[in-house]
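*Asks:* Residue numbers 1 to 539, in full-length UniProt numbering, belong to the letters of the sequence shown in order. Could you have a look at this structure, given as C-alpha cells, before my questions?
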Amino acid sequence: MARLHMLKEKVNESVIIPHFTSHSRTRYLRVTHFRRERLLGSFVACMTGTLRQMDDYHYTHLISTFGKMRTDVVDFLMETFIMFKDLIGKNVYPADWVIMNMMQNKVFLRAINQYASVLNKKFLDQTNFELQLWNNYFHLAVAFLTQESLQLENFSSDKRAKIFHKYQDMRRQIGFEIRDMWYNLGPHKIKFIPEMVGPILEMTLVPEIELRKATIPIFFDMMQCEFHFRRCFQTFENEIITKLDHEVEGGRGDEQYKILFQKILLEHCRKHKYLAKSGETFVTLVVRLLERLLDYRTIMHDENKENRMSCTVNVLNFYKEIEREEMYIRYLYKLCDLHKECDNYTEAGYTLLLHAKLLKWSEEACAAHLTQRDGYQASTQCQLKDQLYQEIINYFDKGKMWEEAIILGKELAEQYENEMFDFEQLSALLRKQAQFYENIVKVIRPKPDYFAVGYNGLGFPSFLRNKMFIYRGKEYERREDFEARLLTQFPNAEKMKTTTPPSEDIRSSSGQYIQCFTVKPILELPPKFQNKPVSEQIV
Numbered sequence: 001m002a003r004l005h006m007l008k009e010k011v012n013e014s015v016i017i018p019h020f021t022s023h024s025r026t027r028y029l030r031v032t033h034f035r036r037e038r039l040l041g042s043f044v045a046c047m048t049g050t051l052r053q054m055d056d057y058h059y060t061h062l063i064s065t066f067g068k069m070r071t072d073v074v075d076f077l078m079e080t081f082i083m084f085k086d087l088i089g090k091n092v093y094p095a096d097w098v099i100m101n102m103m104q105n106k107v108f109l110r111a112i113n114q115y116a117s118v119l120n121k122k123f124l125d126q127t128n129f130e131l132q133l134w135n136n137y138f139h140l141a142v143a144f145l146t147q148e149s150l151q152l153e154n155f156s157s158d159k160r161a162k163i164f165h166k167y168q169d170m171r172r173q174i175g176f177e178i179r180d181m182w183y184n185l186g187p188h189k190i191k192f193i194p195e196m197v198g199p200i201l202e203m204t205l206v207p208e209i210e211l212r213k214a215t216i217p218i219f220f221d222m223m224q225c226e227f228h229f230r231r232c233f234q235t236f237e238n239e240i241i242t243k244l245d246h247e248v249e250g251g252r253g254d255e256q257y258k259i260l261f262q263k264i265l266l267e268h269c270r271k272h273k274y275l276a277k278s279g280e281t282f283v284t285l286v287v288r289l290l291e292r293l294l295d296y297r298t299i300m301h302d303e304n305k306e307n308r309m310s311c312t313v314n315v316l317n318f319y320k321e322i323e324r325e326e327m328y329i330r331y332l333y334k335l336c337d338l339h340k341e342c343d344n345y346t347e348a349g350y351t352l353l354l355h356a357k358l359l360k361w362s363e364e365a366c367a368a369h370l371t372q373r374d375g376y377q378a379s380t381q382c383q384l385k386d387q388l389y390q391e392i393i394n395y396f397d398k399g400k401m402w403e404e405a406i407i408l409g410k411e412l413a414e415q416y417e418n419e420m421f422d423f424e425q426l427s428a429l430l431r432k433q434a435q436f437y438e439n440i441v442k443v444i445r446p447k448p449d450y451f452a453v454g455y456n457g458l459g460f461p462s463f464l465r466n467k468m469f470i471y472r473g474k475e476y477e478r479r480e481d482f483e484a485r486l487l488t489q490f491p492n493a494e495k496m497k498t499t500t501p502p503s504e505d506i507r508s509s510s511g512q513y514i515q516c517f518t519v520k521p522i523l524e525l526p527p528k529f530q531n532k533p534v535s536e537q538i539v
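And the structure:
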C-alpha cells in the first residue's frame with residue numbers, strides 16, 4: 001500500500017510544467033495530460049488488482065505491521081480515505097466502461113468496510129477517539145454511495161439488471177454500513193452535528209427505497225442526540241432546512257421521499273416522551289418545505305415566467321413565515337431576476353425593497369447572508385442599504401414609478417445630509433429627484449387595467465390552487481387579450497362567468513376553473529390634496 005501511495009505521488013508529479021513558448025507549452029500540456037490520465041488509470045488498475053487479492057488476513061496483517069505506533073495507523077487511514085475519495089471523484093475510467101468501474105467499486109467497497117472495522121476496534125473509545133478520521137470515513141462513504149457510476153436508475157433496464165445480478169446494489173451495502181457506523185458512535189455523535197447533516201441528507205435522497213428506509217431514522221437519532229445535550233434540536237433543524245433547499249434545487253428528492261420522511265420520522269417522534277410535540281412540528285415544517293421546493297424545481301423549467309414568479313413567491317413567503325432570513329433573501333433575488341427578465345422594473349424594485357427593509361441605517365456589521373450578491377461591496381448595514389436604495393430608485397425610474405423613487409430619495413438624502421455628510425452624493429441624488437418631479441408632470445403614463453384572477457380546483461399547482469391574485473395588465477392590454485393569454489397557459493381550464501366566490505364543490509374538484517374580471521384600484525386622495533386645484537398628473 002505504501003508503494004501504491006508513492007506511485008500516486010509520481011502520477012501527480014508528472015504534470016509539472018517547465019517553461020516553454022506558448023505553442024510548445026500547449027502541446028506539452030496535451031501530452032502530459034494524456035500521460036497523466038494513462039498513468040492514473042494504470043495506477044488505479046494496479047491498486048485494484050492488489051486489493052482484490054487481499055483477504056481478511058492480509059488487511060489484519062497490514063494494520064499489525066504498524067505495531068503500537070498509533071499515529072502511523074491514523075496517518076495511513078487518513079491518507080487512504082483521502083486518496084479513495086479523490087479517485088472516486090475523478091472518474092478514472094470512462095463512464096461506459098462499466099465492468100472496470102464496477103470492479104473498482106467492488107474492491108474499494110470491501111477495503112472501506114475493512115478499514116471501518118479498524119475504526120471500530122481502535123478509534124472508538126473515549127481515550128483513542130479520532131474525530132477527523134471518523135469524519136473522513138463518513139465523507140468517503142457518502143461520496144462512494146452518491147457517485148454517478150452507482151446510480152442504477154440512470155442505466156437502461158437490461159444493463160441495470162445485469163449490474164444488479166453480478167454486483168448487487170452497492171449503494172445499499174455501503175448505506176447500511178454508514179448507518180451502523182453512525183449508531184456505533186454513541187456519545188461521540190454530538191461532535192458530528194451539524195457537519196454530518198448535509199452528507200447524511202444527500203445519502204437519504206438517493207432514490208433507493210430500502211436505503212431510504214434504513215437511513216432516514218438517522219435524522220431522528222440526530223434530533224434525539226442534540227436534544228439530550230442542548231434540550232432542543234435547533235442546530236440540526238437549521239442545517240437540514242438549508243441543505244434540503246440546495247439538494248432539491250440540484251435535482252434530488254421526490255414525492256416518495258417526502259412521504260417516507262414524514263411516515264418514518266413521525267413514527268419515531270410519537271414514541272418519544274419529550275420529542276412527540278416538537279418533533280411532529282419539525283416534520284410538518286420539513287414536509288411543507290419539501291412540497292414547495294419540489295413545486296419550485298418542477299416549475300422552473302416552465303416557459304411561463306408568471307408561474308415561476310408565483311412559485312418563487314410561495315417559497316420565499318414560507319421562509320419568511322418560519323423566519324429563515326438567509327433563505328428568504330436568497331429567493332427574493334431569484335424573484336427580482338425573474339421580474340427583470342420580464343421588464344417588470346417596478347416589481348423588481350419592490351422586491352429589492354423587501355431586502356432593504358431588513359437593514360438599519362447603522363454602522364452595525366453586515367452578516368454574510370445579507371450580502372448574497374457579488375455586486376454589493378458593503379461592510380456595514382448602512383452601506384448596503386445605501387447601495388440597495390440606489391438600485392431600487394433606478395428600477396422605479398425604469399418602471400416610471402417616480403413617486404416611489406422620490407419617497408426613497410428623500411430618505412436617502414436625509415442620510416447623506418445629516419448622517420454620512422456626503423454632499424457629492426446628495427447633489428447627484430437631488431438632481432435625479434428634480435428630474436423625477438418633472439417626469440411626473442410632463443411624461444404621459446398610460447393607466448393599466450387590473451384583473452382579479454382566481455385559480456379554483458385541485459387541478460392547479462399547489463402555489464396557485466384555490467387562490468386569487470391581482471394582475472396588472474400590460475400597457476393598453478384589454479381584458480379579452482389578458483384572458484386569452486391566461487387560458488393559453490392552462491388550455492384545459494374552464495372559464496367561470498361569475499364573479500361570486502366559487503362553491504366548495506368547485507374548490508375540491510379535480511378540474512381547473514378560472515375566474516377573471518376587471519377590478520379598479522381605490523384612489524385614496526392624500527389630505528394635502530383635499531380642496532386644492534392639483535394637476536391630474538400629480539393626483
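Note that CB positions come from ideal geometry on N, CA and C, so glycine has one too.
Alpha carbon to alpha carbon, how far is residue 522 from residue 143?
*Replies:* 59 angstroms
*Asks:* Quick check: the Cα distance between residue 33 and residue 166, rounded to an integer number of angstroms?
*Replies:* Its pLDDT being 46, under 50, residue 33 is placed unreliably by the model, and the measurement read from it follows with that caveat. One C-alpha to the other measures close to 34 angstroms.
*Asks:* In the structure shown, what three-state DSSP assignment does residue 21 receive?
*Replies:* For residue 21, the predicted model reports a pLDDT of 44, less than 50, meaning its position is unreliable; a value from the coordinates is still stated below. Coil.
*Asks:* Per DSSP, what kind of secondary structure is residue 164 in: helix, strand or coil?
*Replies:* Residue 164 falls in the helix class under three-state DSSP.
*Asks:* Within a Cβ cutoff of 6 angstroms, which residues of the same chain sit near residue 25, ignoring the five residues on either side of it in sequence?
*Replies:* Note that residue 25 scores 43 on pLDDT, short of 50, meaning its location in the model is unreliable; the coordinates nonetheless yield the value given after this. Within the same chain, residue 25 has no close Cβ partners at all.
*Asks:* According to DSSP, is residue 220 helix, strand or coil?
*Replies:* When secondary structure is reduced to three states using DSSP, residue 220 falls in the helix class.
*Asks:* Can you tell me whether residue 399 is helix, strand or coil according to DSSP?
*Replies:* coil
*Asks:* Please report the straight-line C-alpha distance between residue 410 and residue 368, rounded to a whole angstrom.
*Replies:* About 28 angstroms.
*Asks:* What do you reckon, are the CB atoms on residue 222 and residue 193 nearer than 9 angstroms?
*Replies:* yes
*Asks:* My guess is that residue 152 and residue 216 are in contact by the Cβ rule of under 8 angstroms, so how many angstroms apart are they, rounded?
*Replies:* That belief does not hold up - the Cβ atoms of residue 152 and residue 216 are roughly 20 angstroms apart, past 8 angstroms.
*Asks:* Counting only runs that start and end within the region 313 to 401, where is the beta strand (DSSP E) found for 3 or more residues in a row?
*Replies:* Fully enclosed beta strand (DSSP E) runs of 3 or longer: not present.
*Asks:* Buried or exposed for residue 208, please, with buried defined as at least 16 other CB atoms from any protein chain shown within 10 angstroms of its CB.
*Replies:* Buried.
*Asks:* For residue 339, which residues from the same chain have a beta carbon less than 8 angstroms from its beta carbon, with the 5 sequence-adjacent residues on both sides left out?
*Replies:* Around residue 339, the same chain offers 309, 345, 347, 348 and 351 as residues with beta carbons nearer than 8 angstroms, after the five sequence neighbours per side are excluded.
*Asks:* So, for residue 258: in the same chain, excluding its five sequence neighbours on each side, which residues have a beta-carbon less than 8 angstroms away from its beta-carbon?
*Replies:* The residues are 287, 290, 291 and 294.
*Asks:* Round the Cβ separation of residue 517 and residue 452 to the nearest angstrom and send it over; I've been treating them as touching at under 8 angstroms.
*Replies:* Your pair residue 517 and residue 452 checks out as a contact, with CB atoms roughly 6 angstroms apart and the cut at 8 angstroms.
*Asks:* For residue 203 and residue 138, I'd like the C-alpha separation in whole angstroms.
*Replies:* 11 angstroms
*Asks:* Output the distance between the C-alpha atoms of residue 335 and residue 227, rounded to the nearest integer angstrom.
*Replies:* 36 angstroms
*Asks:* Can you give the Cα-Cα distance for residue 363 and residue 238, rounded to whole angstroms?
*Replies:* 28 angstroms
*Asks:* Looking only at its chain, what residues have a beta carbon closer than 7 angstroms to the beta carbon of residue 218, apart from the 5 residues adjacent to it on each side?
*Replies:* 179, 182 and 200
*Asks:* Could you name the residues of the same chain whose beta carbon sits closer than 6 angstroms to that of residue 198, not counting the 5 residues immediately before and after it, in chain order?
*Replies:* Take residue 198, set aside five residues on each side of it, and the residues of its chain with a beta-carbon closer than 6 angstroms to its own are 243, in chain order.
*Asks:* Would you tell me roughly how many angstroms separate the C-alpha atoms of residue 45 and residue 39, rounded to the nearest one?
*Replies:* The alpha-carbon atoms of residue 45 and residue 39 are separated by roughly 10 angstroms.
*Asks:* Using 8 angstroms for Cβ pairs, my map puts residue 224 next to residue 275. What's the rounded Cβ distance?
*Replies:* 7 angstroms
*Asks:* Using the C-alpha atoms, what's the distance from residue 154 back to residue 148?
*Replies:* Rounded to the nearest angstrom, the gap between the Cα atoms of residue 148 and residue 154 is 9 angstroms.
*Asks:* State the CB to CB distance for the pair residue 621 and residue 539, rounded to an integer number of angstroms; the pair is presumed to be in contact (CB under 8 angstroms).
*Replies:* This structure does not reach residue 621, given that the chain is present from 1 up to 539, and the question cannot be answered.
*Asks:* Check whether the region 320 to 337 touches the region 376 to 389, counting contact only when three or more Cβ pairs, one atom from each stretch, lie closer than 8 angstroms.
*Replies:* no
*Asks:* Is it the case that the region 468 to 478 contacts the region 442 to 458, given that we only count it when at least three CB pairs across the two stretches are under 8 angstroms?
*Replies:* yes
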